[in-house]
Amino acid sequence: MSSLFQNLPRGLPMPSAFLSPKGSNPQKKKILLEAWPGMSPHHRADVAAWRQNSKAKEDLMKTKTLLLLLHHRGRHQPHEFVHSDLEQAALGETSRVTMPGFLNEYTMLFVGRTSPKTYGELVSWDDDDDAFENMTNGVGMDPGHGLQALEIQQRIWEFMVKCCQILLQDVASMAESAVVISLEAPYRIPARLDFTRLKAMASAERNSAEDHLWALCEDPSYFAEIIQDLSHPALKEVGRPLFWSRVLGNVVVEAYSGFATFDHILKQINRDSSLHEALRCSLDAAKTDLILKLKNGLFASPPFRQFCVRHPEDPGSYKIRSAYSPPRQDHAVKRLMPLFNIVFSEDQFFLFGLHTVTDEIKHLVRADAAVAALISPMIANRLSSLSVVSECLHQLHVFQPWARKIEDDMELKKDELRSQYTECFKGWLPILRVKFEGSLVYQYADPTDGKFDYPLHRRRNKQNVDIMRRPEENLDAFWEAVDKHYRSRTASSQHDLVAQLLRNDRAIQRTPAWEEHTKSKKPVDATSAEYVYQPFSRVYHDKAKQITGNFSRATPSTTRLPSQKHARAHKVFKALFHSPSNPNLPGVVPWPGFLHAMVTMGFSAEKLHGSAWNFTPKTIDLGVERSIQFHEPHPSNRIPFLWARRFGRRLAKAYGWEGEMFRLA
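Each residue of the sequence shown is one higher than the one before, starting from 4 at the first, in the working numbering.
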């Protein structure tokens, strides 16, 4: 162990002298293999080979990860990494391939030990009254795991010293993102628990869930897309009423309960003192729910439908059962489906763990274009939500040494915590029991007859405005039928359970009737006449409340936006918002152009996991505080016109922006 410490001060020069971003991959590969012969070539090689710590040639060939490894390991003591090093090699133990040795009534001490003589010191329980407690609270560990940790760290530090003898070039910085942070995590010092980051992730997901619910109620084309994504054509044979009733039940419950779940998680993070066990319990429940949603939606998504077969119908059951049917030839789905099978299999999922599997799925989607093409927007959204939960759980888990005590306490109090969680969501039980089967609600929602065709891309004239108003009326009729369906069967409704969580200044935006304006008439303020507004629910609307009163017109925005100095950004915002003074219809918007436009407005842009990006105001000049999340278009990086207008609607609802507010300086 002495070599672990003796090389710390002098073996690691400043990182700016290490590696050139211009170096070729063969050169980098040669250096890495010289420093660590036989290094695994793949990211998270333990997933495939059940091997030791996850340092991999594929990761270390990135411009920055090797520098991070050298920088952080060279400037911090080994005990700061010992728990995370062992955790990254946990797959070998859970698969019973690399079982630790056993020595009873002894503890190996690591935390706070900074010399070769004291680091990993073996202490008998008979000689030290605190030895057993130190093993259970994370200050130390049992000797079997302790030896594994020492072996891992010895190999890592030997590799680092060898690299320092080889590398002499500089490296440029790389932009931060949640994906980059996840990729670089094994090479950095284990992060302290960052409440701000946990709050940002949960807040972005919560706001995104609210926007999804709102879009389902407001945008006919969005509603139709979500329904179609879940409507596998092979399953329609069982009967249209039953089929559509089940699809609608899933869409409604998922939208409302998903929003309530992340609102609850965010509130727990905001209450720092109650973070520990209660938050972990809520995250575990959300994890289970999201995995079920992912499983139910995967084969219904268009790219996967060709690999789905339906089991023969059981005469005694109404359940629709389907299964994966792999193609005979080589196909990208054969590389992706084993990872989904791990998520859906309780035994395999326990073996690998959520963070390992979601990390591997994200890596495969980034690295393999054919695999990325299999991920529909709906599945990308669900993977993104699951990744947020995974990252929150992972952050709590690596918060050592306190995480061990949190997890142990949670295990002891699991019945109490489950009872608390059930009590919190008990109001949802009657809602979950209500089914749409046997009702006529499905008649309002079947999109195959074109009732939700929404020509938002057409210029506004009398004919097109009349066409736009019809699908809006059809969507309003559907949600009115849904609200009446719940009201007739429960004491409370799905809307009652989230009404207090929704922003009270939001209303459903609708297209007003077309008005012909003659030249003799006084010009009308186009902005005020652009839309009319109505309450979120016609059934549960309280006209006595001022905020949800007549909705005869929108409240004018008082936000004053800075003039656009960049024509590129100005062009993007003109594409996002309908402007009566601009009759020209824009085309698609490049995703990099949208990022550039948001940054020029004063937002920081951070890539989260999956396809999600989080935009956070970084200047008070905007007059806004909340962040907003958008999903990068997939597999193309160009935002279709319809998507662009949806982005504009969300920005309008979040910040009060309108098309006429954007002017070029």
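Glycine included, C-beta positions come from ideal geometry on N, C-alpha and C. Given the structure is predicted, the values throughout are model-derived calculations rather than measurements.
Quick check on the burial criterion: 16 or more other C-beta atoms within 10 angstroms. Buried or exposed for residue i?
i	result
residue 385	buried
residue 662	buried
residue 511	buried
residue 477	buried
residue 549	The predicted position of residue 549 is uncertain, since its pLDDT is 42 and thus under 50; a value taken from the coordinates is nonetheless stated next. It is exposed - the Cβ of residue 549 has fewer than 16 other Cβ atoms within 10 Å.
residue 341	exposed
residue 609	buried
residue 153	buried
residue 479	buried
residue 580	buried
residue 36	exposed
residue 378	buried
residue 164	buried
residue 255	buried
residue 332	exposed
residue 69	buried
residue 151	buried
residue 132	exposed
residue 105	exposed
Is the Cβ-Cβ distance between residue i and residue j less than 9 Å?
i	j	result
residue 392	residue 286	yes
residue 299	residue 253	yes
residue 126	residue 109	yes
residue 632	residue 611	yes
residue 455	residue 226	yes
residue 470	residue 461	yes
residue 481	residue 457	no
residue 156	residue 103	no
residue 660	residue 635	no
residue 135	residue 209	no
residue 203	residue 630	yes
residue 259	residue 500	yes
residue 602	residue 642	no
residue 380	residue 230	no
residue 504	residue 213	yes
residue 670	residue 466	In the structure displayed, the chain extends from 4 to 668; residue 670 sits before or after that span and is not available.
residue 96	residue 111	no
residue 667	residue 573	yes
residue 269	residue 325	no
residue 290	residue 339	no
residue 94	residue 148	no
residue 302	residue 327	yes
residue 382	residue 297	yes
residue 3	residue 590	Not covered by the structure: residue 3. The range shown for the chain is 4 to 668.
residue 389	residue 283	no
Following the continuous alpha helix (DSSP H) through residue i, name the residue where it begins and the one where it ends.
i	result
residue 110	Premise fails: residue 110 lies in the beta strand (DSSP E), 109 to 112, not in any alpha helix (DSSP H).
residue 347	336 to 347
residue 390	380 to 400
residue 495	No alpha helix (DSSP H) contains residue 495, which DSSP labels as neither H nor E.
residue 164	146 to 169
residue 285	283 to 301
residue 648	644 to 658
For residue i, tell me which candidate among the options has the shortest Cα-Cα distance.
i	options	result
residue 304	469, 272, 167, 376	376
residue 233	482, 500, 306, 119	306
residue 335	313, 351, 350, 309	309
residue 496	505, 572, 485, 506	485
residue 91	381, 602, 359, 614	359
residue 72	264, 159, 119	159
residue 267	256, 255, 281, 326	281
residue 128	42, 116, 144	144
residue 444	424, 483, 427, 419	483
residue 271	292, 424, 162, 494	424
residue 517	498, 473, 297, 348	473
residue 162	346, 621, 426, 42	42
How would you write the range of the beta strand (DSSP E) that residue i sits in, first residue to last?
i	result
residue 247	From DSSP, residue 247 is part of no beta strand (DSSP E) but of the alpha helix (DSSP H) over 243 to 273.
residue 611	Looking at the DSSP string, residue 611 is not in any beta strand (DSSP E), and its letter there is neither H nor E.
residue 231	That residue, residue 231, is in no beta strand (DSSP E); its alpha helix (DSSP H) goes 223 to 232.
residue 125	124 to 127
residue 634	631 to 634
residue 327	325 to 327
residue 461	It is not in any beta strand (DSSP E) - residue 461 carries neither H nor E in the DSSP assignment.
residue 91	Unbroken run through residue 91 is the alpha helix (DSSP H), 85 to 91; no beta strand (DSSP E).
residue 312	311 to 313
residue 513	511 to 513
inquiry  = Between the region 430 to 450 and the region 247 to 265, can you find at least three pairs of beta-carbon atoms closer than 8 Å?
reply    = Yes, they touch.
query = Can we say the region 639 to 656 touches the region 427 to 434, given the rule of at least three CB pairs closer than 8 Å?
reply = Because the criterion of three Cβ pairs below 8 Å is not met, the region 639 to 656 and the region 427 to 434 do not touch.
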